[in-house]
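Enquirer: Take the sequence shown: its letters are residues 203 to 521, numbered as in my numbering.
Please see the structure below; I have some questions.
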Amino acid sequence: METNQTHSFVTLGEAMAMFVAKTPGQLADIEEFHRSLAGAEVNVAIGMARLGFEASYISKVGKDSFGQFIRQAISKENIHTDWISESANHATGFMLKSNVTDGSDPKVEYFRRNSAASTLSATDIDNTLFKAGAHLHLTGVAAAVSVPMRDAAKHALELAKKQGCSVSFDTNLRPSLWPNQATMVATINEFAFASDIVLPGIEEGKILANSDQPEVIANFYLQRGVKTVIVKLGSKGAYFKTRNGESGTVAGFPVAKVVDTVGAGDSFAVGVISALLDGKTIEQAARRGNLLGSLTVQVRGDSEGLPTRAHLNDLEKAV
Numbered sequence: 203m204e205t206n207q208t209h210s211f212v213t214l215g216e217a218m219a220m221f222v223a224k225t226p227g228q229l230a231d232i233e234e235f236h237r238s239l240a241g242a243e244v245n246v247a248i249g250m251a252r253l254g255f256e257a258s259y260i261s262k263v264g265k266d267s268f269g270q271f272i273r274q275a276i277s278k279e280n281i282h283t284d285w286i287s288e289s290a291n292h293a294t295g296f297m298l299k300s301n302v303t304d305g306s307d308p309k310v311e312y313f314r315r316n317s318a319a320s321t322l323s324a325t326d327i328d329n330t331l332f333k334a335g336a337h338l339h340l341t342g343v344a345a346a347v348s349v350p351m352r353d354a355a356k357h358a359l360e361l362a363k364k365q366g367c368s369v370s371f372d373t374n375l376r377p378s379l380w381p382n383q384a385t386m387v388a389t390i391n392e393f394a395f396a397s398d399i400v401l402p403g404i405e406e407g408k409i410l411a412n413s414d415q416p417e418v419i420a421n422f423y424l425q426r427g428v429k430t431v432i433v434k435l436g437s438k439g440a441y442f443k444t445r446n447g448e449s450g451t452v453a454g455f456p457v458a459k460v461v462d463t464v465g466a467g468d469s470f471a472v473g474v475i476s477a478l479l480d481g482k483t484i485e486q487a488a489r490r491g492n493l494l495g496s497l498t499v500q501v502r503g504d505s506e507g508l509p510t511r512a513h514l515n516d517l518e519k520a521v
């Protein structure tokens, strides 16, 4: 079943202005940067909107030029900005990213402490936000940014479940944003256990489920009420398992040259969520996740590789 504004998609988090170095080297030595939009959740919203889903993004920005840039960039992607509020007392966060040419993870520096988005709270979540058939996507990044944003995410999760909406959760660990690992693990797993679909990476599974075995990681969540778990295996693809016993491994797509790994997990989430909302099987969803992840690592930028619906249709016919 192809979708055309059939489901509404909602997510929340911190969007930032991102400055990517135009040339390789130490960030301290770089004089020219390219500005773009960054943020785990907004990347997913962009991907869903490009595929024709009605997408809404909840966040808060400062009353500054970065905040204005973020609003404009999100609006250009046909994402609803009604739920992006403004703080007069806190600045919009931004980040710097190095330029790498060997396929390694780029160096990233964040300037987000006490940002406007960190003040997003449960009171910013409208109780009428969700409608029948909506899907909520959350990540471990939003849970880590601040206690108020964590509360906002919890409130959104509770509202979505009350309305019978489906919920996906990308564990997306950011250890540097947490006071300690124990708090991170407990909080991330609390969100995961309350979700329908959980998307951990294999390395994250070692921390969250104390195992590097995909099936063990999947069982850890399935035994606690999750319906579907897809474990990201990097270049090896993905392992999936559902509560009704479906399981398997879907191979990754070969990539001739890895340009930038940042954003690959977000693209994977777009592939999985869009496919499931399209009525595809879990195996097909994992395959689409792998496909979109492979597109993203071939370009420099978090969301530049995300396809339109027409492009995706062509790609899936060809592979």
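Just so it is clear, CB atoms sit at the ideal spot from N, CA and C, and this is done for glycine as well.
In this structure, how does DSSP classify residue 206 when only helix, strand and coil are distinguished?
Expert: Caution applies to residue 206, whose pLDDT of 45 falls short of 50 and renders its modelled position unreliable; the value that the coordinates give is listed next. Note: residue 206 maps to coil in three-state DSSP.
Enquirer: If we call anything under 8 angstroms between Cβ atoms a contact, is residue 253 one with residue 511?
Expert: The answer is yes: Cβ separation under 8 angstroms.
Enquirer: Specify, as a first and last residue, the run of the alpha helix (DSSP H) that residue 390 falls within.
Expert: Looking at the DSSP string, the run of the alpha helix (DSSP H) that includes residue 390 is 383-395.
Enquirer: Please report how far the alpha carbon of residue 432 lies from the alpha carbon of residue 353, in whole angstroms.
Expert: Roughly 26 angstroms separates the two Cα atoms.
Enquirer: Please identify the residue among 378, 381 and 319 whose C-alpha is closest to the C-alpha of residue 355.
Expert: The shortest C-alpha separation from residue 355 is found at 319.
Enquirer: According to DSSP, is residue 443 helix, strand or coil?
Expert: It is a strand residue.
Enquirer: Provide the residue(s) that pair with residue 403 in DSSP beta bridges, ordered along the chain.
Expert: In DSSP, residue 403 forms a bridge with 434.
Enquirer: With a threshold of 8 angstroms between beta carbons, is residue 408 in contact with chain B?
Expert: The displayed structure is made up of one protein chain only, and chain B is not part of it.
Enquirer: Can you check whether the CB of residue 378 is closer than 8 angstroms to the CB of residue 322?
Expert: No.
Enquirer: How is the beta strand (DSSP E) around residue 256 delimited, first residue to last?
Expert: From DSSP, the beta strand (DSSP E) with residue 256 extends over 256-264.
Enquirer: Find out if the Cβ-Cβ distance for the pair residue 397, residue 428 is shorter than 8 angstroms.
Expert: Taking 8 angstroms as the Cβ cut-off, residue 397 and residue 428 qualify as a contacting pair.
Enquirer: Taking the C-alpha atoms as reference points, what is the distance between residue 383 and residue 374?
Expert: About 14 angstroms.
Enquirer: With 16 as the cutoff for other CB atoms within 10 Å, does residue 207 come out buried or exposed?
Expert: Bear in mind that a pLDDT of 45 at residue 207, under 50, signals an unreliable position, so the model cannot answer this.
Enquirer: Mind pulling the beta strand (DSSP E) runs of 3 or more residues that sit fully within the segment 285-369?
Expert: The qualifying runs are 286-289, 296-299, 310-313 and 337-341.
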